[in-house]
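> Heads up: the sequence shown begins at 313 in the working numbering, then just goes up one per residue. For every residue, glycine included, the Cβ atom is placed at its ideal position computed from N, Cα and C. Quick caveat: nothing in here was measured; it's all calculated off a predicted structure. Below is a structure I'd like to ask you about.
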Amino acid sequence: SNGLVTGARFIGNTGAGMNITNSTVVFEGSNTFSDNLDGGIASYDSTLQFIGVNQFTKNTATRGGGISAISSTINCSGNMTFEYNSAEQCGGGICLNGTRMTSESHIRFIGNTQTVLKYRFWNGGGGLCAVEDSVVNINAVSDFIHNSAAEYGGGGGLLAHNATVNINAESNFINNSAERNG
């Protein structure tokens, strides 16, 4: 199925702000995902197109505090901000598993955390965690600032495991930290 989200606010939900399965969803306008207890967006086998300004703040999840995507495609042509999200296992801001993500606009990861120590190689990535054949193309300015990973896999700002990450524009990695493999 297909959907359009314009100027929506997903705040304080006990599940994910949005669960998207086998669908295509376009996000236009200004969208906010905040304080959701199972992440901002959980996507499985779907296509997400972000055109407007999208803010993910203070969401928590097991994987991907802001966005958790499995076998999906994410295209970002609007500004994306991930602030103060947390995940227990992978990607405080975003966790990608077998997912292709392309960013053509400013993307910011600020103060996101991966919180639980579990000795798996793909656990980690305070800002962004890409695993298992994920492909990430960042083609515009990106900021990874004050993200942290308390995990064996490491990657305070970014962690890639069996994944491809191409950063083709100015990127700022500032004051990120990891317990190991930082």
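What separation, rounded to the nearest whole angstrom, lies between the Cα atoms of Ser-358 and Ser-335?
5 Å
> Helix, strand or coil for Glu-416, going by three-state DSSP, please let me know.
coil
> Less than 8 Å separating the beta-carbons of Ser-415 and Cys-388?
yes
> If we ignore side chains and look at the alpha-carbon of each, how far apart do Met-330 and Phe-456 end up?
25 Å
> Determine the closest residue to Ser-460 out of Ser-446, Asn-314, Gly-405 and Ala-381, with distance taken between C-alpha atoms.
Per the Cα distances, Gly-405.
> Any chance you could list the alpha helix (DSSP H) runs of at least 4 consecutive residues sitting entirely within the stretch 352–397, in chain order?
none
> Of all the options Thr-427, Arg-412 and Phe-345, which has the alpha carbon lying nearest to the alpha carbon of Glu-444?
Arg-412
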